[in-house]
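Enquirer:
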Amino acid sequence: MTREALRRKKTPFYQKKTFLISIVLILIIAIGIFIFWKANTNSNTTHTTQPSHKIEKVKPKKKTTKKASKPNKAQKVTKEQPAKKLKSRLIKNRQLLRFKIQGLIMT
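350 is the number of the first residue of the sequence shown in my numbering; add one for each residue after it.
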């Protein structure tokens with residue numbers, strides 16, 4: 350063994366790297382736990398009575414009356430109405446095509 354190796358063996362435990370690293374880690378963990386514990390505690394520690402778990406009914410300041418809603422009347426659909434709409438669309442499309450062919454409308 351070399352002199353350096355013997356010196357390292359004879360150093361006290363508090364001067365070794367592993368001891369220092371473990372002490373630093375323990376301190377960091379302890380500080381973290383303390384901060385976490387403080388953050389989760391209730392800030393109102395002077396309040397000695399226990400909170401009531403009963404739910405109180407809230408009364409609105411403004412009185413509201415419910416309006417009777419009128420149901421929408423159902424529209425009657427017959428077979429003729431869609432056919433009329435379709436015919437009017439077809440007629441408009443035919444007229445546009447005629448104008449385009451004649452060159453009156455340029456797109």
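Cβ coordinates follow ideal geometry from the N, Cα and C atoms, glycine included.
#1: Could you tell me the boundaries of the alpha helix (DSSP H) in which residue 380 lies?
#2: In this structure, does DSSP put residue 405 in helix, strand or coil?
#3: If we ignore side chains and look at the alpha-carbon of each, how far apart do residue 443 and residue 435 end up?
Expert: On the basis of the coordinates in this document:
#1: 366–389
#2: coil
#3: 12 Å
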